[in-house]
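Chemist:
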Amino acid sequence: MISKKSSIPALFLIPLLALAGCAGESPDSSSESESGSEDRTQISFIHWRGEDKEVFDDIIAQFEEEYPEIGVEMNIYPSEQYQATGQRMLTDGSTGDVFTSFPGAQFEAIANAGFFEDLSGEDFVGNFDESLITVGEKDGQQLALPYQLVFNMPVYNKGMFDELGLEVPKSWTEFQEMADTLLENDITPIAFPGADIGPNQFMNSMMMNNAPDEDVFQKLQNGEESLTNEWWVKTLEDFQLLEQKGYIQPDALGTSQDSAMAMVANEEAAMLATGSYHMASLLDLNPDLELDLMAPITVEESEAEYEGINTATFMLAVNSNSEKKEQAKEFIRFLSRPEIASQYANETGQHLTVNDVEYESEVLQNTAYWIDERKTRFQPRFLITNAQVEAAVLSSIENVLGGADPMEAAEEAQQIVEENLE
Amino acid sequence: MKISKTIYLFFLPGLFLYSIFFLYPTVSALFYSFTDWDGLSDAYQFVGIGNYERALTGDSVFRKTVGNNLKFMLMVVIFQTLVALAFAMIVLKNTKTNLFLRALYFFPTILSSVSVAFIWSFIYDPSLGILNQILELLGLDFLQQNWLGNSDIAIYSLAITQIWFHAGQMLIIFVAGLQAIPEDLYEVAKIEGASKWQTFRKVTWPLLAPSATIVIAYTTIQSFKAFDLVFAMTGGGPNNSTEIIATYIFDVAFRSYNFGYASSISVLFMIIIAFITFLQFKALRSDRISY
Numbered sequence: 017m018i019s020k021k022s023s024i025p026a027l028f029l030i031p032l033l034a035l036a037g038c039a040g041e042s043p044d045s046s047s048e049s050e051s052g053s054e055d056r057t058q059i060s061f062i063h064w065r066g067e068d069k070e071v072f073d074d075i076i077a078q079f080e081e082e083y084p085e086i087g088v089e090m091n092i093y094p095s096e097q098y099q100a101t102g103q104r105m106l107t108d109g110s111t112g113d114v115f116t117s118f119p120g121a122q123f124e125a126i127a128n129a130g131f132f133e134d135l136s137g138e139d140f141v142g143n144f145d146e147s148l149i150t151v152g153e154k155d156g157q158q159l160a161l162p163y164q165l166v167f168n169m170p171v172y173n174k175g176m177f178d179e180l181g182l183e184v185p186k187s188w189t190e191f192q193e194m195a196d197t198l199l200e201n202d203i204t205p206i207a208f209p210g211a212d213i214g215p216n217q218f219m220n221s222m223m224m225n226n227a228p229d230e231d232v233f234q235k236l237q238n239g240e241e242s243l244t245n246e247w248w249v250k251t252l253e254d255f256q257l258l259e260q261k262g263y264i265q266p267d268a269l270g271t272s273q274d275s276a277m278a279m280v281a282n283e284e285a286a287m288l289a290t291g292s293y294h295m296a297s298l299l300d301l302n303p304d305l306e307l308d309l310m311a312p313i314t315v316e317e318s319e320a321e322y323e324g325i326n327t328a329t330f331m332l333a334v335n336s337n338s339e340k341k342e343q344a345k346e347f348i349r350f351l352s353r354p355e356i357a358s359q360y361a362n363e364t365g366q367h368l369t370v371n372d373v374e375y376e377s378e379v380l381q382n383t384a385y386w387i388d389e390r391k392t393r394f395q396p397r398f399l400i401t402n403a404q405v406e407a408a409v410l411s412s413i414e415n416v417l418g419g420a421d422p423m424e425a426a427e428e429a430q431q432i433v434e435e436n437l438e
Numbered sequence: 030m031k032i033s034k035t036i037y038l039f040f041l042p043g044l045f046l047y048s049i050f051f052l053y054p055t056v057s058a059l060f061y062s063f064t065d066w067d068g069l070s071d072a073y074q075f076v077g078i079g080n081y082e083r084a085l086t087g088d089s090v091f092r093k094t095v096g097n098n099l100k101f102m103l104m105v106v107i108f109q110t111l112v113a114l115a116f117a118m119i120v121l122k123n124t125k126t127n128l129f130l131r132a133l134y135f136f137p138t139i140l141s142s143v144s145v146a147f148i149w150s151f152i153y154d155p156s157l158g159i160l161n162q163i164l165e166l167l168g169l170d171f172l173q174q175n176w177l178g179n180s181d182i183a184i185y186s187l188a189i190t191q192i193w194f195h196a197g198q199m200l201i202i203f204v205a206g207l208q209a210i211p212e213d214l215y216e217v218a219k220i221e222g223a224s225k226w227q228t229f230r231k232v233t234w235p236l237l238a239p240s241a242t243i244v245i246a247y248t249t250i251q252s253f254k255a256f257d258l259v260f261a262m263t264g265g266g267p268n269n270s271t272e273i274i275a276t277y278i279f280d281v282a283f284r285s286y287n288f289g290y291a292s293s294i295s296v297l298f299m300i301i302i303a304f305i306t307f308l309q310f311k312a313l314r315s316d317r318i319s320y
């Protein structure tokens, strides 16, 4: 085992980024305060949600007013850039005293590099819903605290369903009957943005009951499971059926999320195969829509174990290399207060993992029942910790939607999985 | 003439920048290609030629990316060169119209690749895109395609965008090359009764070979490194059909956190480009003549 200085990768990366033109895009940086006093400690907060800048600016201002000895400098990076370089910024502890992480591959990589400070035992952990923060645990330690709760399952036009006398289907047979009725009314049942996020979002609800074992992808990566087994081949066959019966729009693999959203906003399609995070945007496009969430149940009613998908993401964490850990924890403690979390939730249109949040907007209130009253499971895709395996899984869906036989697509993907087994 | 030793000092800034921005990353990549470094940890282990073995024998996605890259490169090199040469011959004379046309053809080159990706993603959109709408308007519905969503043609759709993006740049090189050919040679060819094709084949092309060499070599390298366009337009999909080596290196390094393996692919990538460029230089050198 050889140890190395962290400056080496940094030096290696900087010229690469500079030459690639990536460095030209500087992060969106904001700080509501100047270091007015020498005693003031400035902490760095890095994340990827540019759309939340305004509300975070306001929350940071409140924090600095209450804790004048701590300043917060927030840097926001585009999500792709954050995914690529965010973790690297943590290496020397000068940036990202408080940082955020995606669940899945990024969380695993940062955990393996030892950049997460263990937050187990911190009083503010109790401010979060215990059942929704397990994704931030590893080896019995609470390394990160998911802040947002999204439902990665189709958004549907409830008003349209009511008008056509349609009920939310409880089985695969009922789902097909519902889709046929929509087709008879010249409505595309599902707008599927296959060119970008469609496969990685819709796969979750399509497989949730075909493979109710939540460890299925862990087993896949251990070599104990195979994509050629029934749970995945059936999922691919279900995708094939959606495509062949016209339940998703033609040329779905060329459709972007903007186009798919336009289809639902214009009421050409009844469902958008993405997630709850698009509800606010859909209402911006068409305020008359009445929306709710609905996942396809791909088995018979008696066999269905789950009703939907949840993802606890935007995981707040403290950099273990930071010299300002206490101040960083203070900031997370502040973010986890119900009144602050409520402000964040309502101004960003997101459900949160924090207890006692008051949801004010109609959409958040109308869908809040999914948090407590419905049986959802954590997004299976994020349980694939090897990005190459994840890509293979997603490719098999694209392959089937492109016309391939489900078993052949599964075999092709399984070969890639086996090439990437540890 | 005796050169003062101080003149060597003037090399130092350039040498310094070259070392920092090229030599060091290249040597580092070579070094890490023999390790399992994840790009984050302070520690790594040497794995010998394991990464190279994996790339060459045990990674079907890498093999697919090489195939995709070759398809993309061939289409771009052939058609971009032909389009640029044809347009260069059309706008060769320095008239006002031609100067305007040259500027117009060059214009896409100054756009950012993300803007180009955005424009062309919209053009190719199967339902809202202007390309399919134009085809419908012209009664050519049978030619309508799912341009970026069909894995059989997506790589060629990207190649068309790449050609549109960079042909203007190559046009300028060809114009410069064509304008440097002495007019006398064309007059002699005319007197000798040479046809237009014979004049092109025996006069223009041989004397244009140095420019063509630059254009083809540069286009080859450019098409291998078309990372931004591919990344922004398809992200390598569907089903890896547009994944090229550069985007795959990014995935392996920054999504899978396998810098060691990504470095080995980068080294192979460099060797592939060097080999193809060498072959092109050899082939085009045989076409060169001097008068």
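Quick mapping for you: the protein sequence lines, in order, are chains S and C.
Take the first sequence: its letter number 77 is residue 93 in the numbering used here, and every next letter is one higher.
Take the second sequence: its letter number 155 is residue 184 in the numbering used here, and every next letter is one higher.
Backbone N, C-alpha and C fix where the C-beta goes; we use that ideal spot for every residue, glycine too.
Please report the straight-line C-alpha distance between residue 188/C and residue 353/S, rounded to a whole angstrom.
Modeler: Going by the C-alpha atoms only, they are around 52 Å apart.
Chemist: Is the CB of residue 435/S under 8 Å away from at least one CB in chain C?
Modeler: Answer yes: the Cβ-Cβ gap between residue 435/S and chain C drops below 8 Å somewhere.
Chemist: If you count every other CB in all the chains shown that lies within 10 Å of the CB of residue 120/S, and 16 or more means buried, which is it?
Modeler: Flag for residue 120/S reads buried.
Chemist: With residue 90/C as the anchor, note down where its alpha helix (DSSP H) starts and where it stops.
Modeler: Taken as a continuous stretch (DSSP letters only), the alpha helix (DSSP H) holding residue 90/C covers 89-119.
Chemist: Go ahead and label residue 347/S buried or exposed: buried means 16 or more other beta carbons lie within 10 angstroms of its beta carbon, across all protein chains shown.
Modeler: Label assigned to residue 347/S: buried.
Chemist: Cβ of residue 298/C less than 8 Å from any chain S Cβ?
Modeler: It does not; no Cβ of chain S falls within 8 Å.
Chemist: Using a Cβ-Cβ cut-off of 7 Å (strictly less than) and excluding sequence neighbours within five positions of residue 52/S, which residues of its own chain qualify?
Modeler: For residue 52/S, the predicted model reports a pLDDT of 48, less than 50, meaning its position is unreliable and no value from the coordinates is stated.
Chemist: If you draw a straight line from the C-alpha of residue 430/S to the C-alpha of residue 250/S, how long is it?
Modeler: Approximately 15 Å between the Cα atoms of the pair.
Chemist: What first and last residue would you give for the beta strand (DSSP E) that runs through residue 308/S?
Modeler: Segment 307-309, the beta strand (DSSP E) holding residue 308/S.
Chemist: Which stretch, first to last residue, makes up the beta strand (DSSP E) that contains residue 393/S?
Modeler: Per DSSP, residue 393/S belongs to the beta strand (DSSP E) from 392-394.
Chemist: Compare the beta carbon distance of residue 290/S and residue 184/S with 8 Å and say whether it is the shorter of the two.
Modeler: Contact flag unset, no.
Chemist: Quick one, are the C-beta atoms of residue 414/S and residue 267/C less than 8 Å apart?
Modeler: Yes.
Chemist: Near residue 296/S, what residues of its chain come up, given a Cβ to Cβ distance below 6 Å and the 5 sequence neighbours on each side ignored?
Modeler: The residues are 365.
Chemist: Just reading off the alpha helix (DSSP H) that residue 135/S is part of, what are its end residues?
Modeler: Element bounds for residue 135/S: n/a, residue is neither H nor E.
Chemist: Determine which residues share a DSSP beta bridge with residue 144/S and list them.
Modeler: According to DSSP, residue 144/S bridges with 370/S.
Chemist: What first and last residue would you give for the beta strand (DSSP E) that runs through residue 322/C?
Modeler: Outside the displayed span of chain C (30 to 320) sits residue 322/C, for which this structure offers no information.
Chemist: Does DSSP put residue 315/S in a helix, a strand or coil?
Modeler: Looking at residue 315/S - three-state DSSP - the assignment turns out to be coil, as it is neither helix nor strand.
Chemist: What are the residues that DSSP puts in a beta bridge with residue 87/S?
Modeler: Paired residue(s): 58/S.
Chemist: Does DSSP classify residue 6/C as helix, strand or coil?
Modeler: As displayed, chain C neither begins before 30 nor continues past 320, which places residue 6/C out of reach and without an answer.
Chemist: Straight-line CA distance for residue 42/C to residue 75/S?
Modeler: Between residue 42/C and residue 75/S, the C-alpha separation is close to 47 Å.
Chemist: Hey, would you say residue 240/C sits closer than 8 Å to residue 62/C, going by beta carbons?
Modeler: No, the Cβ-Cβ distance between residue 240/C and residue 62/C is not below 8 Å.
Chemist: Quick one: any contact between the stretch 48-64 of chain C and the stretch 117-135 of chain S, if contact means 3 or more CB pairs under 8 Å?
Modeler: No: the two stretches stay apart, fewer than three of their Cβ pairs being nearer than 8 Å.
Chemist: Using CA atoms only, rank isn't needed, just tell me which of 180/S, 100/S, 349/S is closest to residue 138/S.
Modeler: When only C-alpha atoms are compared, the closest one is 349/S.
Chemist: Figure out for me which residue from 72/S, 79/S, 91/S, 423/S has the closest Cα to the Cα of residue 256/S.
Modeler: Nearest C-alpha to residue 256/S: 423/S.
Chemist: Just verifying my parser: in three-state terms, what is the DSSP assignment at residue 323/C?
Modeler: Nothing can be reported for residue 323/C: it is not among the residues displayed for chain C, which extend from 30 to 320.
Chemist: Where does residue 73/C fall in DSSP's three states?
Modeler: Residue 73/C falls in the strand class under three-state DSSP.
Chemist: Could you confirm whether any beta carbon from chain C is found closer than 8 Å to the beta carbon of residue 411/S?
Modeler: With 8 Å as the cut-off, residue 411/S counts as an interface residue toward chain C.
Chemist: Quick one: is residue 115/C buried, meaning 16 or more other Cβ sit within 10 Å of its Cβ, or exposed?
Modeler: So residue 115/C counts as exposed.
Chemist: For a quick check, are the C-beta atoms of residue 410/S and residue 228/S less than 8 Å apart?
Modeler: Taking 8 Å as the Cβ cut-off, residue 410/S and residue 228/S do not qualify as a contacting pair.
Chemist: Closer than 8 Å is the cut-off here; do at least three beta carbon pairs connect the stretch 91-105 of chain S with the stretch 122-133 of chain S?
Modeler: Touching, yes.
Chemist: Go through its chain and collect everything with a Cβ distance to residue 49/S's Cβ below 6 Å, but skip five positions before and after it.
Modeler: Caution is warranted here: a pLDDT of 43 is assigned to residue 49/S, below 50, making its placement in the model unreliable, and the coordinate value is therefore given only provisionally. Correct list, in chain order: 80, 87.
Chemist: For residue 80/C, decide whether its Cβ has a neighbour in chain S, counting only Cβ atoms nearer than 8 Å.
Modeler: Cβ-Cβ to chain S under 8 Å: no for residue 80/C.
Chemist: Return yes when the C-beta of residue 365/S is under 7 Å from any heavy atom of the ligand MG, and no when it is not.
Modeler: Judged by which ligands are present, the structure shown has none, so any question about the ligand MG falls away.
Chemist: Are the stretch 182-202 of chain C and the stretch 125-145 of chain C in contact at 8 Å, needing three or more beta carbon pairs?
Modeler: Yes, the stretch 182-202 of chain C touches the stretch 125-145 of chain C.
Chemist: Does any CB atom of chain C fall closer than 8 Å to the CB of residue 427/S?
Modeler: Output row for residue 427/S: interface = no.
Chemist: Let's test the definition: count the other Cβ atoms within 10 Å of the Cβ of residue 412/S and tell me whether it reaches 16, buried, or not, exposed.
Modeler: With 16 or more other Cβ atoms within 10 Å, it is buried.
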